[in-house]
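Notes follow once the structure below has been shown.
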Amino acid sequence: MDGLGWPAPRVPRLRPRWGWLRYLLPGSTQIWWIGTVHPRLLAVLFALEGPAEFGQLLVAKLRHRDIELLVLRATWNAGHFYHYAAHALWARVRERPGFLEAVQAGPGHRRWSGRQAALLRAADELHEDLAIGPATVARLRELGYTDRELVEICFVTAHYQLIAMLEESAGMPPEPLLGRPRSRSGAQPRRPRTGIRHPAPGLNPGTPWTPGDAALAPQRPLRALIGWYGRTMARVSTLDAAEVGAALHPAPDTATDRAKLLARAVAELDREFFLSDDTWRELLDHFTVRQIMELCVLVGHYRTHEMIAHTMNADR
5 MDGLGWPAPR
15 VPRLRPRWGW
25 LRYLLPGSTQ
35 IWWIGTVHPR
45 LLAVLFALEG
55 PAEFGQLLVA
65 KLRHRDIELL
75 VLRATWNAGH
85 FYHYAAHALW
95 ARVRERPGFL
105 EAVQAGPGHR
115 RWSGRQAALL
125 RAADELHEDL
135 AIGPATVARL
145 RELGYTDREL
155 VEICFVTAHY
165 QLIAMLEESA
175 GMPPEPLLGR
185 PRSRSGAQPR
195 RPRTGIRHPA
205 PGLNPGTPWT
215 PGDAALAPQR
225 PLRALIGWYG
235 RTMARVSTLD
245 AAEVGAALHP
255 APDTATDRAK
265 LLARAVAELD
275 REFFLSDDTW
285 RELLDHFTVR
295 QIMELCVLVG
305 HYRTHEMIAH
315 TMNADR
């Protein structure tokens, strides 16, 4: 499928208070640049991202190389240049030539082992359908993946797409040392999601920060981490979460212009991982910049629960 390319807002969207930070430690400071606009959001997000990014040996059962492969495919699919570029840098050191071109080509590339192809197929199915398909789940189980690892596959894919929605929609510029990734294969990143969004079993969209999910309950490390994150963000956020929840599955007769706009914004994030310039501008008539950032995170957070619920319930 042809991609939409790396997102690029036509006009700056954030005005950080300390823009000069990006030049102190180039290659690692752009997320702090965003954090100057919404420090509390960044603090809570880091509490989630820290274990996901740096505490894998303590939190995750998945192999580190499995996680790296999922991150690269998920960020390529979502058009998230920051984490794709950072993880691609390490891949160039660790892997043989042609590895990134194979990631961009997807699970059908001849380079992949059966294990790698199954992981990439899972990432693609989560991207497209918000669920790992039954055949791929069965294949992963044949390869020895447990329930916990299936949940972790969903979490890693969803988490990096959440970050994509926030950082791309906020217009975070490239890191000075990383620049904007280029594809030697000619493939384009950011594949639009075309699958139908079905209501996830066991989830309550009326409380999207804490929707509940029986499928996540047995997975203690992630259950605690994701649950804490949702409860904390529910306290930090000034968004009307129920209003956003209604926009996740809008009624055909949505009445107000605000509700229609919110439904459009949610659809753009869900399908293109990026708020268009027109939608961003119109959202500013109803929401603050901080609230728009919270919207990006909330949509990504709920999608995490959706991926886990759809995958694990279908597997039973």
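Using our numbering, read the sequence shown as starting at 5 and increasing by one per residue. Think of the CB as a built atom: it goes at the ideal place given N, C-alpha and C, for glycine as much as any other residue. Since this is a predicted model, take the numbers as computed values, not measurements.
Rounded separation between residue i and residue j - CA only
i    : j    : result
E310 : A127 : 14 Å
T292 : P43  : 15 Å
P178 : R224 : 36 Å
R19  : M176 : 10 Å
W213 : A204 : 15 Å
M169 : L147 : 32 Å
T79  : Y88  : 6 Å
I305 : L154 : Reading off the sequence shown, one finds His at residue 305, where the question assumed Ile. Roughly 17 Å between the two C-alpha positions.
L134 : L302 : 16 Å
P327 : L279 : Nothing about residue 327 can be read from this structure; the chain reaches only from 5 to 320.
I167 : R114 : 30 Å
W10  : V75  : 16 Å
A64  : A139 : 24 Å
R21  : L93  : 29 Å
L229 : R152 : 14 Å
P254 : V240 : 25 Å
P215 : H202 : 15 Å
N208 : V97  : 44 Å
L29  : A90  : Here the model assigns L29 a pLDDT of 49, short of 50, so the residue's position is not dependable and the matter cannot be decided.
A106 : G249 : 37 Å
W116 : L220 : 30 Å
T150 : Q120 : 16 Å
G231 : R100 : 39 Å
G112 : D217 : 33 Å
L288 : R275 : 21 Å
Cβ-Cβ distance between residue i and residue j below 7 Å
i    : j    : result
A318 : G206 : no
G199 : E132 : yes
R194 : G83  : yes
L123 : G110 : no
A238 : A251 : no
L243 : Q295 : yes
T236 : V48  : yes
P13  : D281 : yes
I38  : A174 : yes
M297 : L45  : yes
C-beta neighbour in chain D for residue i, strict 7 Å
i   : result
Y88 : In the structure shown, chain D cannot be found, because there is only a single protein chain.
Nearest neighbour of residue i, chosen from the options [CA to CA]
i    : options                : result
P196 : V97, F277, H305        : F277
L265 : V301, T161, E286       : E286
L73  : I157, A228, G231, A246 : I157
F4   : E172, A255, S117, D257 : The chain is shown only over 5 to 320; residue 4 falls outside these bounds and no answer can be derived.
T308 : D70, L45, A174, L130   : L130
D70  : A269, A95, A90         : A95
F50  : V248, Y233, A92, C300  : Y233
N81  : V301, E99, A90, Q108   : Q108
I226 : L52, R21, I38, W36     : One detail in the question is off: residue 226 reads as Leu in this sequence, not Ile. The shortest C-alpha separation from L226 is found at L52.
R77  : H253, V97, L104        : L104
E247 : L229, S117, H290, T140 : H290
G118 : L144, R100, E99        : L144
S160 : R275, L288, H68        : It should be pointed out that residue 160 corresponds to Val in this sequence rather than to Ser. Residue H68 is the option with its Cα nearest to V160.
Contact belief for residue i with residue j at Cβ below 8 Å, rounded distance in angstroms
i    : j    : result
T315 : I136 : 5 Å
A245 : T211 : 6 Å
G7   : A162 : 19 Å between Cβ atoms; not a contact.
L299 : A263 : Contact doesn't hold; Cβ gap of about 14 Å is too wide.
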